[in-house]
Every structure is written in C-alpha cells, then in structure tokens.
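Residue numbers 128 to 264, in the numbering used here, belong to the letters of the sequence shown in order.
For each residue, glycine too, the CB sits at the ideal point set by N, CA and C.
For clarity, every value in this text was computed on a predicted model and none was experimentally measured.
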Amino acid sequence: MTKITVEAQVKAPIEQVWKIYNHPQDIEQWNTASSDWHTVNSVNDLRVGGQFSNRMEAKDGSMGFDFAGTYTEVIPYEKIAYSFGDRTAEITFEQKNDAVLVKITFDPENQYPIEQQQAGWQAILNNFAQYVEQKNS
C-alpha cells in the first residue's frame, strides 16, 4: 500500500515545536483541518506503549470521531511512530537553520480518495505550523 507524506517548515526552536506538537492543551488549539471542526479533548501519554486520543467534532455538533492510537517509537526531538487501527504513522522533526521540518508519513484508509486524505493531513500540519509561529512571535 502506498503511504502518504505531508510536511511543513515551522519557524521555531525544535524544543518548542516538539512541546507544542505533544501538549494536549496545544493540540486542542491547532488540531483541525478546517474552521468548521475543532478538537474538544486531547489525551496524550507520549511513551512507547502509551496511548493518545483526540476527540474531533464538527462545530455544529453534527458529527465527531476519536482519532486514537498507541505509540510504537518515541525519540525526543526526532521521531514519533504510532499505530491507529491497522494503520501506522511516523512523524520526524529535523532542525534546518531557523526552522524545523516536520514530516508525517502515514498509511491511507480506503474510504476517502488519497488526495482528500493528503489535503486534510496537510491542512492540520499547516495549522500546527501557524499556531507555533504565532506563539513564538
């Protein structure tokens, strides 16, 4: 199965990028693909075998879901890998001059077109980058 990759340059120190990516109260602020959705609750136990769950809901209350999984690898400031259902994802953090390259590679699901999944994950990652840079300024 083909994997999907999205990436973003985040202009901030890697320590701050890592902290905001993994801190539940921050996740609730940036983890959305569009303005009509939001993350209403985030739980994150960042360690191998630890679990995470982000409750995402439409702001009009019409639908929602839990994006949840289990961490399979955690290397601080470098890499996070996790499984969610029968799929996996890997996030890498790489300092490049005054920015951090955050790259996410994940297994697509079969329900939605690849392009739609890539666009959704990219939108979330773009929100993350924007949120970090606003906090950093």
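Find out if the Cβ-Cβ distance for the pair residue i, residue j is shorter than 8 Å.
i, j, result
"S191", "M183", "Correcting the residue type first, residue 191 is Gly in the shown sequence and not Ser. Yes. Within cutoff."
"Y209", "T219", "no"
"F233", "A246", "no"
"I251", "A160", "yes"
"Y204", "I141", "yes"
"V137", "V201", "no"
"F211", "A185", "no"
"Y258", "Q156", "yes"
Find the nearest neighbour of residue i within the set the options, judged by alpha-carbon distance.
i, options, result
"G188", "E205, R174, K206, H165", "H165"
"N158", "K130, D193, A139", "D193"
"A226", "I202, Q143, D172, W248", "Q143"
"V133", "Q243, E221, I231, I147", "I231"
"D213", "H150, D172, N237, W248", "N237"
"K130", "Q244, Q257, Q178", "Q244"
"T199", "L173, K223, N224", "L173"
"F179", "N149, V167, W248", "N149"
Determine the DSSP secondary structure at residue i, reduced to helix, strand or coil.
i, result
"A256", "helix"
"K146", "helix"
"K262", "helix"
"A250", "helix"
"D153", "helix"
"E242", "helix"
Am I right that residue i and residue j are in contact with their C-beta atoms under 8 Å? What's the rounded C-beta distance?
i, j, result
"G181", "S169", "Sequence check: residue 181 is Asn here, not Gly. Between S169 and N181 the Cβ distance is about 5 Å, and since that is below 8 Å, they are a contact."
"N263", "A139", "4 Å"
Per DSSP, residue i forms a beta bridge with which residues?
i, result
"V175", "V175 is not bridged to any residue."
"E221", "L228"
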